[in-house]
Amino acid sequence: MEAVTGRIALASLLAVLGAALLTWRPRGAAAGRAAAHLTGLGIAGRLGAVRRLAAGDILRYTAHGVLSFGCGYYLFFYAIQGLGVSRAAIITSAWPLIACAAGIVLYREALTWRKAAGIALIALSVALVTR
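So in this note's numbering the end of the sequence shown lands on 132, straight run, no missing numbers.
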């Protein structure tokens, strides 16, 4: 049972606001179509359509799974040992920051004011809980 200090509460709020800014999409935006499409195929029992995906797309989905789930969970449980549960849990909110940075670097997405503000808020939340 860890105490929730004012700093932890503030870090939690900043992380949520930062993630909201980073993942906000205007109505009708095409973001997330591929993942939604795969989810829909799975629900409909039509995963055989995955065979029609391009090899590069399958490789990207596989890499995402290995990095996000495999490495991510390993690092999360490792962080719990040194930081405690409440601090480590807030650090997991950094995933939108990492995804945003990858989009900017790998896919040449534009760095908007919302993304910059979201990055700053999440970085501040992580800094608050790790000091």
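Note that the Cβ used here is the ideal one computed from N, Cα and C, for glycine as well.
Note that the coordinates shown come from a computational prediction; the quantities given were computed from them, not determined experimentally.
- Burial is judged here by how many other beta carbons sit within 10 angstroms of a residue's own beta carbon; Arg88 has at least 16 and is buried.
- Arg109 sits in coil when the DSSP states are folded into three classes, being neither helix nor strand.
- In the DSSP annotation of this structure, the continuous segment of the alpha helix (DSSP H) that includes Ser126 starts and ends at 114–131.
- A distance below 8 Å separates the beta carbons of Leu22 and Ala118.
- Following the DSSP letters along the chain, one finds Val86 inside the alpha helix (DSSP H) bounded by residues 86–92.
- Cys101 sits buried, since 16 or more C-beta atoms from the chains shown fall within 10 Å of its C-beta.
- For Val67, the secondary structure class from DSSP, reduced to helix, strand or coil, is helix.
- Judged by their CB atoms, Ala20 and Ile105 are not nearer to each other than the 8 Å cut-off.
- Assignment of Leu54 by DSSP, reduced to helix, strand and coil, places it in the coil class.
- In its chain, beyond the 5 residues on either side, Phe77 have a beta carbon closer than 7 Å to the beta carbon of Thr93.
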